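To start, the structure under review is shown below, and the notes come after it.
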Amino acid sequence: MQSIQLIIANKKNEQHAKREIEYCYEHVRMFKSRLTSMGLTPDDFQRIEDLSKFPIFEKKEFRKHFPAGIFAGRYSLDDARLSRSPSSGTTGDRLVTFEFGTLLLERAINCSETLPKIATAFSATPRKHVRYAAPNCSDVECANPNSTMEDRLMKDGTLILPVYHDLLTTPEHMLDRAIEEIESYQPNLYYIDATHFAFLVRHAKKRNKVLPEAPIVATFSNVTKIAKAQINEMFSENAVKQLVSMSEFGWVAMECEHGHLHLNSKSFIFEFINEAGEPASVNELAEVIITSLDQGALPHVRYRTGDMYRLQKGNCSCGSSSPVVTFEGRKSDFIYLQDTFVTPNDVDEAIGVPSGLALYQLVQKEQTVFELRVIVNEHWLQSSEQQLNQRLSTLLGSNTELNIVKVPYIETGRSGKFRTCMPCEQGE
Ligand SMILES: [Zn+2]
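Numbered by numbering that gives the first Met the number 0, the letters in the sequence shown go through residues 0 to 427 in order.
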């Protein structure tokens, strides 16, 4: 069964959704009290279409009722089997989530079904993954400048590479050390933030180093075309694969060999809701609502993610039956214009991969005044600047003012993540 606004892999998941609702009603205090206040019981779910009768839960409710109200009653926070994932709090609303490591692993395996080489690297023995991302994304105290490689080697075989909080101010000796550690560890998987890793790759090129080949999973923040191209240039064509992963759920969507992003519809039920709160249609911008199905420690029924997608039409040529989407970014990064808005993905499409561009950030200074900050190298041409200006002006509208400014440095956000779009304050 598959309708436009509701993604469900198979009939079995309808049963799993029913069971998840019963499970939450029985074990999750916040869920039960909300249902009771609406006069609902699990019996109101008989078939998948009934899911829409149930309330949508917001992140702030999870924060408010943490931990006792949202935890499945039979488990406790100090359960050794639980894995802790703090969100990066890009919008200043950090949320800590706990889930069973085994469930997260199962979700990751389901998600990487479209990409066997990732699944293989995930189950390889010995497992040798390296992680290169903002320090508080990796949540390891020892990602500090003075730690040793041994300090940063996790029990699961993940080596957390040393990263400076404000990426572009990372001292060269620290970049050299990250490269040396990769060479010595010879990873079978890179788990990286694309902007961060592209920065490291640019440094490696400067040193005439070639990093060892391995599949590359890019997550933590938006994967820009330019970062992807810079990384792919050093590795094999098509090496970087986008992964959408959420601290609340683990792996939610992954790019296949044919370059399309597939939802992990085996592990979750997805609903697509448009700006008006109605079920979205194909290619319409939609917020995704997720329901978990595996009776974890912290189950979610109809959880509003704040992440925006567009659902694409038809099946992918890779053969996967999982729906194809584009990830448009977080709602909080959208740029609102007079009567419309553009997404970070729209901006990235317009920027493209002009020669000589290392990094960019679009800053909305006033509603119709923009500054595109670019870090460029010697291959940057005046003509590419003009073309870029034209493409971006077309996207932002003729009544906007756009200045392209070459800068030596762009600051990372408070979370340590790099934001490609900085909308001006909308006013609270
Ligand atoms: Zn595909």
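Just so it is clear, CB atoms sit at the ideal spot from N, CA and C, and this is done for glycine as well.
Since we're looking at a predicted model, the values are computed, not measured.
Query                                                                                                             : Result
DSSP state of residue 241 mapped onto helix, strand, coil                                                         : strand
Exposure of residue 172, with buried meaning 16 or more beta-carbon neighbours within 10 Å                        : exposed
With 16 other Cβ atoms within 10 Å as the buried cut-off, status of residue 378                                   : exposed
Inside the segment 166-245 only - beta strand (DSSP E) runs reaching at least 3 residues                          : 188-191, 215-217, 239-245
Under 8 angstroms between C-beta atoms of residue 127 and residue 186                                             : yes
Residue 272, DSSP secondary structure in three states                                                             : strand
Cβ-heavy atom distance, residue 319 to ligand 2, below 7 angstroms                                                : As presented, the structure is devoid of ligand 2, carrying ligand 1 as its sole ligands.
Beta bridge counterpart(s) of residue 278 as assigned by DSSP                                                     : 272
Among 110, 391, 261, the one whose alpha carbon lies nearest that of residue 367                                  : 391
Among 299, 315, 324, the one whose alpha carbon lies nearest that of residue 309                                  : 324
Contact under 8 angstroms by Cβ, residue 343 with residue 419                                                     : yes
Residue 315 beta carbon near ligand 1 (any heavy atom closer than 7 angstroms)                                    : yes
Rounded distance between the beta-carbons of residue 262 and residue 275, thought under 8 angstroms               : About 22 angstroms; that fails the 8 angstroms criterion.
Burial state of residue 137, where buried means 16 or more other Cβ atoms lie within 10 Å                         : With a pLDDT of only 48 at residue 137, under the threshold of 50, the placement of this residue in the model should not be trusted; the figure read from the coordinates follows. Buried, by the Cβ-count rule.
Validate contact between the segment 162-170 and the segment 191-204 using beta carbons, cut 8 angstroms, 3 pairs : yes
Sequence-distant residues of its chain with Cβ nearer than 8 angstroms to residue 205 (five each side left out)   : none
Residues near residue 259 by beta carbon distance below 6 angstroms, same chain, minus five either side           : 315, 323
Beta-carbon proximity check, residue 350 vs residue 341, cutoff 8 angstroms                                       : no
Residue 232, buried or exposed, once every other Cβ within 10 Å from all chains shown has been counted against 16 : exposed
Span of the beta strand (DSSP E), counted from its first residue to its last, around residue 128                  : 128-131
Validate contact between the segment 359-375 and the segment 399-406 using beta carbons, cut 8 angstroms, 3 pairs : yes
Separation of residue 45 from residue 7, as counted between CA atoms                                              : 15 angstroms
Segment limits, alpha helix (DSSP H) that includes residue 52                                                     : Premise fails: residue 52 is in no alpha helix (DSSP H) and is neither H nor E.
Closest residue to residue 256 among 238, 272, 243 (Cα-Cα distance)                                               : 238
DSSP three-state assignment for residue 255, whether helix, strand or coil                                        : coil
Separation of residue 152 from residue 125, as counted between CA atoms                                           : 13 angstroms
Heavy atom of ligand 1 within 7 angstroms of residue 113 beta-carbon                                              : yes
Which of helix, strand or coil DSSP assigns to residue 417                                                        : coil
Status (buried if at least 16 other CB within 10 Å, exposed otherwise) for residue 53                             : buried
Residue 249 in three-state terms, based on DSSP                                                                   : strand
For residue 405, the first and last residue of its enclosing beta strand (DSSP E)                                 : 400-405
For residue 372, the first and last residue of its enclosing alpha helix (DSSP H)                                 : First-last for residue 372: 368-375, but that is the beta strand (DSSP E), not the alpha helix (DSSP H).
Buried versus exposed, by CB contacts within 10 Å (16 or more), residue 83                                        : exposed
Spatial distance of residue 36 from residue 129 (CA atoms)                                                        : 47 angstroms
Distance cut-off 7 angstroms: residue 110 Cβ against heavy atoms of ligand 1                                      : no
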